[in-house]
Amino acid sequence: MQNTDFQNGFMLESEHSKELFAYYGLAVYYGQAMEQQLVNLILLTKMSQGKAMSEEELEELYERKMSSSLGQLIHEARHHITFSEEDIIRLNELWQQRNRIVHHFSKNAFMKPLVRKDGHG
């Protein structure tokens, strides 16, 4: 497969770009899956504390937690769950990796596969 036009005289190296975007998407998906599971864990913990919540209150709490950052969710989960030191280290590593991927990776990686039609960068 040949390179595909991108814009302004630049072309993407198709196979490299597809692989890069696939891995990037998978990494972001796993990060968001972890966020979702932490929200579920926090909600279940709060529900198990015995205070009855209406469906509306539960929905409101869910929406608030879904707007929290991964760091906030990890911090809150640690208040409800006793994690081993190893688990805490791993959660913090995953948080840092997720932040690197989402906030810094694109600054460096997404522009590198661009090549001008004449072959020069």
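Here the sequence shown stands for residues 7 to 127, numbered as in our numbering.
Just so it is clear, CB atoms sit at the ideal spot from N, CA and C, and this is done for glycine as well.
Quick check on the burial criterion: 16 or more other C-beta atoms within 10 angstroms. Buried or exposed for residue i?
{"i": "LEU25", "result": "Sequence check: residue 25 is Glu here, not Leu. Looking at its Cβ environment, which holds fewer than 16 other Cβ atoms inside 10 Å, GLU25 is exposed."}
{"i": "GLY127", "result": "Only weak support is given to the placement of GLY127: the predicted model assigns it a pLDDT of 48, under 50, and the value that follows is read from those uncertain coordinates. The residue in question, GLY127, is exposed, as its Cβ has fewer than 16 Cβ neighbours within 10 Å."}
{"i": "LYS71", "result": "buried"}
Based on Cα-Cα distance, which residue from the options lies nearest to residue i?
{"i": "HIS86", "options": "TYR36, SER20 and SER54", "result": "SER54"}
{"i": "PHE111", "options": "GLU21, ASN46 and GLY31", "result": "GLY31"}
What distance in whole Å lies between the Cβ atoms of residue j and residue i, which are believed to be in contact at a cut-off of 8 Å?
{"i": "ILE95", "j": "ALA33", "result": "At roughly 20 Å, the Cβ-Cβ gap does not stay under 8 Å, so ILE95 and ALA33 are not in contact."}
{"i": "LEU49", "j": "TYR68", "result": "6 Å"}
{"i": "ILE80", "j": "LEU64", "result": "The Cβ separation is near 22 Å, so there is no contact."}
Output the distance between the C-alpha atoms of residue i and residue j, rounded to the nearest integer angstrom.
{"i": "LYS52", "j": "PHE89", "result": "17 Å"}
{"i": "HIS22", "j": "GLU62", "result": "47 Å"}
### Message
Assess contact between the stretch 71-88 and the stretch 100-111, defined as three or more Cβ pairs (one per stretch) separated by less than 8 Å. Is contact present?
### Response
By the Cβ rule, the stretch 71-88 counts as touching the stretch 100-111, because three or more pairs are nearer than 8 Å.
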